[in-house]
Every structure is written in C-alpha cells, then in structure tokens.
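So the sequence shown is numbered by the working numbering: it starts at 4 and just counts up by one. Positions of the beta carbon are idealized from the N, C-alpha and C atoms, including for glycine. Remember, predicted model here, so these are calculated numbers, not experimental data. This report concerns only the one structure given below.
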Amino acid sequence: MTGGGGVVASVGDEGRRRSAAEPGFWQRVVGQLGTALMVVDPAGRILAVNPAAERLFGHAAPAMLGQDAHDLLHRDADGRRIPREQCTLLRAVAERAETREEGRVCLRGDGRLIATYWSASPLTDDGAFSGMAVLFTDAAGDRSARRERAAYTRALEDLTERLTLVAEITDVLGQTLETDEALARLGRLLVPRLADWAAVDLRVGSGQVHRVAATGPEGRDAAQEDWQEHLPEAGEEGGSPLVQVLNGGDPVLQHEADMAAPVTSAVATVHSGFLRATGARSAVTVPLGSGPQVTGALTLVRTDPAHPFDTDDLSVVSDIGRRVGLVIDNARRFGRQRAVAEAMQRNLLAPLPQPGRLRLAARYQPAPAGSQVGGDWYDAFERKDGTLALVIGDVVGHDLTAAAGMAQLHGILRSLAWDHTGPPGAVVDRLDDAMPAITTVPMATLVLALLDGDPHTGPWTLRWTSAGHPPPLLLTRDGQARYLEAGQGLLLGAPPGTGGSRPSAAQSLPPGSTLLLYTDGLIEIPGSDLDTGLARLRHHALALAHEPLDTLCDQLPARMPPGSTDDVALLALRLPAP
Numbered sequence: 004m005t006g007g008g009g010v011v012a013s014v015g016d017e018g019r020r021r022s023a024a025e026p027g028f029w030q031r032v033v034g035q036l037g038t039a040l041m042v043v044d045p046a047g048r049i050l051a052v053n054p055a056a057e058r059l060f061g062h063a064a065p066a067m068l069g070q071d072a073h074d075l076l077h078r079d080a081d082g083r084r085i086p087r088e089q090c091t092l093l094r095a096v097a098e099r100a101e102t103r104e105e106g107r108v109c110l111r112g113d114g115r116l117i118a119t120y121w122s123a124s125p126l127t128d129d130g131a132f133s134g135m136a137v138l139f140t141d142a143a144g145d146r147s148a149r150r151e152r153a154a155y156t157r158a159l160e161d162l163t164e165r166l167t168l169v170a171e172i173t174d175v176l177g178q179t180l181e182t183d184e185a186l187a188r189l190g191r192l193l194v195p196r197l198a199d200w201a202a203v204d205l206r207v208g209s210g211q212v213h214r215v216a217a218t219g220p221e222g223r224d225a226a227q228e229d230w231q232e233h234l235p236e237a238g239e240e241g242g243s244p245l246v247q248v249l250n251g252g253d254p255v256l257q258h259e260a261d262m263a264a265p266v267t268s269a270v271a272t273v274h275s276g277f278l279r280a281t282g283a284r285s286a287v288t289v290p291l292g293s294g295p296q297v298t299g300a301l302t303l304v305r306t307d308p309a310h311p312f313d314t315d316d317l318s319v320v321s322d323i324g325r326r327v328g329l330v331i332d333n334a335r336r337f338g339r340q341r342a343v344a345e346a347m348q349r350n351l352l353a354p355l356p357q358p359g360r361l362r363l364a365a366r367y368q369p370a371p372a373g374s375q376v377g378g379d380w381y382d383a384f385e386r387k388d389g390t391l392a393l394v395i396g397d398v399v400g401h402d403l404t405a406a407a408g409m410a411q412l413h414g415i416l417r418s419l420a421w422d423h424t425g426p427p428g429a430v431v432d433r434l435d436d437a438m439p440a441i442t443t444v445p446m447a448t449l450v451l452a453l454l455d456g457d458p459h460t461g462p463w464t465l466r467w468t469s470a471g472h473p474p475p476l477l478l479t480r481d482g483q484a485r486y487l488e489a490g491q492g493l494l495l496g497a498p499p500g501t502g503g504s505r506p507s508a509a510q511s512l513p514p515g516s517t518l519l520l521y522t523d524g525l526i527e528i529p530g531s532d533l534d535t536g537l538a539r540l541r542h543h544a545l546a547l548a549h550e551p552l553d554t555l556c557d558q559l560p561a562r563m564p565p566g567s568t569d570d571v572a573l574l575a576l577r578l579p580a581p
C-alpha cells in the first residue's frame, strides 16, 4: 500500500504490514476519512497512516512507517519526551484494550506542539492480536469540526463492529455441522448486538417454508420465540419481502412506512404479523445463500425509531446471510452423509448369538452431534467347530469410506475365521495379507478372541490376539478387574516386514466372569491421557459388574466422562455362574 490519493500507506515488511481490517474497510472509509488514522503493531511501531495523519503530524508517510509512535510523537506541554511507562497509548497496546484520552500533546514534523484527542481499538487477525487502530483529532479545532470528526469516528467504530461481527459469525458457525446448533448460535450473536429480533425461515421442500428459529431480547415475548411452524407456500405472488427473498430476489430494507402497506398474500400476512408483534420500526430480510442456492431467509428487526437499519446495515446482513446459507448447506450435506453411514453401520452389525448359557450384549453409539461417523464395529459368531468368535475393531477414518471399509473387513474376517483351526494370530495375519488386495482399508485395529469350552458347563479358555487395539477387560465375580494385555501385535496395514507372525495369548475364564471388548472412543477424551481413560473404564465397569449384561452395556458409556468425539462399539460376554 502507498501513501497519497486516499490510500493507506503501510510499512514494507510483509510480516508486519498485514492489516487487521478487510480491504473493503480501507477502501470505503479510510481513503476518504478526514480523521487521522494510525495503525501500530504490538510493539507500538507505526504500521500504517492515512493522508489525514500525514497532515495532522506534519510528516510524510515514509518518514513515519516503522517508527516508534511514542518516541516520534509523544511530548509533554514543554516539548520534552515523556517516559515510556507513562504513555497511555503503550499501556493500551500492552493491555490490548480500547482506550481514549483527551489533551495528549504531540510533536509535529515542523516542531510545533499540538493537543490531540485520540481513541484506540485493538485489531485481531484470525483471533490473534495484531496491533491497534488509533484515531487522532486536533483538540484545538472548532466545536463543529470536532462534532463532524466525532461522527466519522462513530461511523468508523460502527463499521468496525459490523466487520468484527461478520468475522465472529463466520468463525463460530464454522465450528458446527449441525443446523439447529448453528442457528441457535446465530441468534445469540445477532441479538442484541445488531438487532432486537431475529427470525430464520428455511426451505424444507418444494415450495415449503418452515420458521425454525426466532430470537428476541431479554424480557421478550416468549410466544414469538416459540412460534416455529410451517408457513404458507412461498411460490405465491405478493408484496411480501419474505417471498421476494425466498424466490431469489434482492435483500429488502423496510421502514415504518413500508411495513404499513396493505398485505396481499398469506406469507405477507405472516411476515407483517411478526413485525407488528415485535414492535418493529425497521427490518431487513436477506437470503440465506446466494443465487439459485437460497436455502431460506433471515429477518432482523429493530424497535428503536432513533436507530433504524440503513443501507450499510443491509450490506452487512446480506453478507451474513450468504455465509449462514453456506453453513446450512454444508450441515445438510453432512447430515445426509452421516445418516447413510450410520444406517450402513447399524445394518452391518449382525445379531448376536446366544449359545448355551453364554450371554452376549453389544452397543454401538455414534459420535456426538457435529462429529464425523467413524468405522467402529463388533461381531460375534459361532465357527464351524462350535467355538465362539468375538471381534471388536476400528477402521481408520471418519466418513462413508471408513464405514464401507468396516463392512469389507467384517465379511472377510468371518470367512477366514469360519473353519480355521489355528491360533487367532494366524487368522489375523491372513486378514492383514489380504487387506490391501481386496479392501479399501488403509489401516485398522481389532481384537479377535476365540472362546473354547462347552457353552453350558465350561470350562472356558479364551484365546485372542490384538492388532494394535485397546486390551480386553476381564471382570470376575470376586470383584477383580484386569486388562488382558498379552497377545499385542501391530495394527492392520502396518508396512510389510515390520513384524513377524502375530502373537496369540490364552487365559482361562472363571465361571460368572464378564469380558468387555470396546473401541477407543469409550476411553479417549480430548485433554486426557490413555492411562486415565483405562483407569476410569475399570472403575466404572467394576461398579456395574454384578448388573445384568444389558444394564452394564447401557450404563457404562453413560458413566464415562463426556467430550469424546469418536463413535463407540462395545461387546460384552458373560459366562454362567456355577
């Protein structure tokens, strides 16, 4: 950027000259601003000045850029330098706080001292503090000039607030892929910062529109917020701003005179009734999305006649509408994909056998709202020789591909284990060899366990192998709990030659004991280590060890701390008591 011609001059170093304001901000306001504007970095060095600042301080922009603002300008009434620790501007920079001061004495380039009034606001870039925007006015100017400059200052502050709000909405809404949560966050951001009321209407089918959210101020008429219902079809003609916007028309700004016009359609009646019930003095209605991708409409209401919406507000709200429409489109696509993947997973999880007096139970719990679908799975089946096979696994990935990969492994492992008489480690070795050729799975973990023994009377021996999976947990009737950590091998898909044959382990299981196989979503919580998760699982499982197996499987995930972003698969086996 260069000085002169109403364009902001900035320092040459690329890493320091990044402005916290958007390009449109400088082009629309700063280039024509009669108030001196200076941008300083977190160390107080001058990054940018506008032509008004050059005139006020009597310095050309190149002579100011990169200079320490305090050392260059700040003086006492006698023209002497002031200690840095007494500088209110530097204190404001250090505290990253909005600050104002009247009567600050500055040294011009021609040697004259001038008294100024200044105000500073912090600037952020992607949430990181990048400096301060400082506005200076000449305190010696006449009263009318000061009022004019104050109006410019307020306009600048208003625009800064609007741009900050747009950036904040973009950031906050980008953190969720759930439509309801996105709209709830939107209402909290818009009211009361930009409007007194906000309403969102979404297209839900051909011509069908549903009011899905209405947010008002504290002390609001709650009945308006509760009003969420299908509206008349939006395809009808009429003078309703809502119909105009939903049919791809331009955003609409309404003042009191516009809202008093007669209504000629059902949607216009609904829209007019909402404005009347909220005491609207001005309103804007903008599309959610853009062009043919309009997914709905956003209506904002102001009730203060002294502070109506204007065309600048309409521009800002229109930008918000475009961004919100994109979030809703993404959320809907994600929801469709998530529903397909969840249905695929649940349909591929086969019913559990109940051989003899052995009891089996399992649960699959999708990832929390806003997370992607994973590839967790379980299986249990009787082999050709009557041995019971137990499987728990987790395919790397969080999408439809992972769910499809889970289905592939599920079928192949059943085929390989059906009549194989060797140890479980040999079965998983064969699966690992086949996986690159006949599946799309890059990596996966699993435990394959085989239960030997009469399903009615026992005795029972468990033989198992683990391909990089969390260890099974064994609960006994005498109140003991321990992890079966033997039999650990590399995960499936590890580079060839990184390990020999997979190990297998064996353990006799006492009557009445319970074996738990689970995926890492049950024990891994962001901010908590694996050992802590395993200890929690052991503690809660022991507390439920004497409960019926279905009760244990229902309550165990519920007792684990919230915060997991992964799905959970749980498979439990209980042996009969003597």
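**Study point:** Residue closest to P514, alpha-carbon to alpha-carbon, out of T464, L449 and L193
**Key:** By 1-based counting over the sequence shown, the position of residue 514 is 511. Minimum Cα distance to P514 is reached at T464.
Point to revise | Reference D397; option with closest CA among Y381, T102, D557 and K387 | key: Along the sequence shown, read from residue 1 onward, the residue named residue 397 stands at position 394. Ranking the options by Cα distance to D397, first place goes to Y381.
Check your understanding: Grouping DSSP H, G and I as helix and E and B as strand, with all else coil, what is S507?
Key -> Translated into the one-based positions of the sequence shown, residue 507 becomes position 504. Reduced to three states, the DSSP call for S507 is coil.
Check your understanding: Quick one: what does DSSP say C90 is sitting in, helix, strand or coil?
Key -> Here residue 90 refers to the residue found at position 87 when the sequence shown is read from its first residue. The answer is coil: DSSP assigns C90 none of H, G, I, E or B.
Check your understanding: Nearest to P439 by alpha carbon, out of P473, Q411, F60 and A508?
Key -> Reading the sequence shown from its first residue, position 436 is the one you call residue 439. Comparing Cα positions, the closest option is Q411.
Point to revise | Inter-residue spacing [alpha-carbon to alpha-carbon] between G37 and L138 | key: The residue labelled residue 37 in the question sits at position 34 within the sequence shown. The residue labelled residue 138 in the question sits at position 135 within the sequence shown. Taking the straight line joining both Cα atoms gives about 10 Å.
Exercise for review: Write down the C-beta distance between A383 and P356 rounded to the nearest angstrom, noting that I regard them as a contact closer than 8 Å.
Suggested key: Position 380 of the sequence shown, counting from 1, holds the residue named residue 383. Position 353 of the sequence shown, counting from 1, holds the residue named residue 356. Sure, about 6 Å apart at Cβ, within 8 Å.
Review point. How big is the Cα-Cα spacing for N550 and Y521?
Key: Counting from 1 along the sequence shown, the entry for residue 550 is found at position 547. Counting from 1 along the sequence shown, the entry for residue 521 is found at position 518. It should be pointed out that residue 550 corresponds to Glu in this sequence rather than to Asn. Rounded to whole angstroms, E550 to Y521 spans 18 Å at the Cα level.
Check your understanding: Whole-angstrom Cβ separation of T182 and I85, contact assumed at under 8 Å?
Key -> Position 179 of the sequence shown holds residue 182. Position 82 of the sequence shown holds residue 85. Not a contact, Cβ separation roughly 55 Å.
Point to revise | Beta-carbon proximity check, L495 vs A447, cutoff 7 Å | key: Counting from 1 along the sequence shown, the entry for residue 495 is found at position 492. Counting from 1 along the sequence shown, the entry for residue 447 is found at position 444. It is a contact, given that the beta carbons lie within the stated cut-off.
Review point. Quick one: any contact between the region 272 to 279 and the region 183 to 199, if contact means 3 or more CB pairs under 8 Å?
Key: no
Review point. Okay, do the region 214 to 221 and the region 317 to 331 touch, 3+ Cβ pairs below 8 Å being the bar?
Key: no
Point to revise | Spatial distance of A420 from S469 (CA atoms) | key: Walking along the sequence shown from the start, residue 420 turns up at place 417. Walking along the sequence shown from the start, residue 469 turns up at place 466. Using only the alpha carbons, I get a separation of about 15 Å.
Check your understanding: What number of angstroms, rounded off, separates the C-alpha of D113 from the C-alpha of P65?
Key -> Within the sequence shown, the letter at position 110 stands for residue 113. Within the sequence shown, the letter at position 62 stands for residue 65. Each residue's Cα considered, the two are about 16 Å apart.
Exercise for review: Kindly indicate which three-state DSSP category T443 falls into: helix, strand or coil?
Suggested key: As a first step, residue 443 is located in the sequence shown; it is residue number 440 there, counting from the start. It is coil, neither helix nor strand.
Practice item. Under 8 Å by Cβ, that's how I've got P458 and R360 pegged, so tell me the actual separation to the nearest angstrom. Key: Along the sequence shown, read from residue 1 onward, the residue named residue 458 stands at position 455. Along the sequence shown, read from residue 1 onward, the residue named residue 360 stands at position 357. Yes, P458 and R360 are in contact; Cβ-Cβ is about 6 Å, under 8 Å.
Exercise for review: Buried or exposed for R577, please, with buried defined as at least 16 other CB atoms from any protein chain shown within 10 angstroms of its CB.
Suggested key: Here residue 577 refers to the residue found at position 574 of the sequence shown. The residue in question, R577, is buried, as its Cβ has 16 or more Cβ neighbours within 10 Å.
Check your understanding: In the structure shown, what three-state DSSP assignment does A484 receive?
Key -> Residue numbering aside, residue 484 sits at position 481 when the sequence shown is read from its first letter. Correct three-state label for A484: strand.
Practice item. Could you tell me which of I395, T443, Y367 and P426 sits nearest to T404, measuring between CA atoms? Key: In the sequence shown, residue 404 corresponds to position 401, counting from 1. When each option's Cα is compared against that of T404, the closest is T443.
Check your understanding: Going by alpha carbons, who is nearest to T302 out of V108, P290, I395 and A97?
Key -> In the sequence shown, the residue the question calls residue 302 occupies position 299. Measuring from the Cα of T302, the nearest candidate turns out to be P290.
Check your understanding: Within 10 angstroms of its Cβ, does T119 collect 16 or more other Cβ (buried), or is it exposed?
Key -> Here residue 119 refers to the residue found at position 116 of the sequence shown. It counts as buried.
Review point. Can you name the start and end residues of the beta strand (DSSP E) that A392 belongs to?
Key: Stepping through the sequence shown from its first residue, residue 392 is reached at position 389. L391 to V398 is the extent of the beta strand (DSSP E) around A392.
**Study point:** Local Cβ density within 10 Å of R562, reported as buried at 16 or more and exposed below that
**Key:** Here residue 562 refers to the residue found at position 559 of the sequence shown. R562 is exposed by the Cβ-count criterion.
Practice item. Measure the C-alpha to C-alpha separation of P427 and L545 and round it to an integer number of angstroms. Key: Along the sequence shown, one-based indexing puts residue 427 at 424. Along the sequence shown, one-based indexing puts residue 545 at 542. Between P427 and L545, the C-alpha separation is close to 28 Å.
Review point. Thinking C-alpha only, which one of R326, L512 and L126 is nearest L186?
Key: Against the sequence shown, residue 186 aligns to sequence position 183. Cα-wise, what sits closest to L186 is R326.
**Study point:** V42 burial status per 10 Å Cβ neighbour count (16 or more: buried)
**Key:** Position 39 of the sequence shown, counted from the start, is the residue given in the question as residue 42. So V42 ends up on the buried side.
Practice item. Give every residue of the same chain whose Cβ lies closer than 8 Å to the Cβ of A508, excluding the five residues on either side of it in the sequence, and list them in chain order. Key: Locating residue 508 in the sequence shown gives position 505, where the first residue counts as 1. Result list for A508: R466, W467, T468, L487, A489 and G490, in chain order.
Check your understanding: With C-beta atoms as the reference, is L249 less than 7 Å away from L317?
Key -> On the sequence shown, position 246 is the one that residue 249 refers to. On the sequence shown, position 314 is the one that residue 317 refers to. In this structure, L317 does not lie closer than 7 Å to L249 by Cβ.
Point to revise | Buried/exposed call for G130, threshold 16 Cβ in 10 Å | key: In the sequence shown, residue 130 corresponds to position 127, counting from 1. With fewer than 16 Cβ atoms within 10 Å of its Cβ, G130 is classed as exposed.
Point to revise | For S124, the first and last residue of its enclosing beta strand (DSSP E) | key: Numbered from its first residue, the sequence shown carries residue 124 at position 121. That run of the beta strand (DSSP E) goes L116 to D128.
**Study point:** 7 Å Cβ cutoff met for R78 and L110
**Key:** Stepping through the sequence shown from its first residue, residue 78 is reached at position 75. Stepping through the sequence shown from its first residue, residue 110 is reached at position 107. Their beta carbons are under 7 Å apart, which means R78 touches L110 by this criterion.
Practice item. Sort out for me which residues DSSP pairs P290 with in a bridge. Key: For the purposes of this step, residue 290 is taken as the residue at position 287 of the sequence shown. BP columns for P290 point to A300.
Check your understanding: Taking the alpha carbon of G389 as the point to measure from, which residue in S418, P358 and A407 has its own alpha carbon closest?
Key -> Here residue 389 refers to the residue found at position 386 of the sequence shown. Residue P358 is the option with its Cα nearest to G389.
Review point. Just checking my contact of I117 with D141 at CB under 8 Å: how many whole Å lie between their CB atoms?
Key: As a working mapping, residue 117 is identified with position 114 in the sequence shown. As a working mapping, residue 141 is identified with position 138 in the sequence shown. Yes, I117 and D141 are in contact; Cβ-Cβ is about 6 Å, under 8 Å.
Check your understanding: Which residues in the same chain as Q231 place their Cβ atom closer than 8 Å to its Cβ, once the five residues preceding and following it in sequence are excluded?
Key -> As a working note, residue 231 is residue 228 in the sequence shown. Any answer about Q231 is weak, because its pLDDT of 49 lies below 50 and its placement is not dependable; what the coordinates show is given next. These residues qualify, in order along the chain: H213, R214, V215, A216 and A217.
Exercise for review: In the DSSP assignment, find the beta strand (DSSP E) that holds H258 and state where it starts and stops.
Suggested key: By one-based count along the sequence shown, residue 258 stands at place 255. That run of the beta strand (DSSP E) goes V255 to H258.
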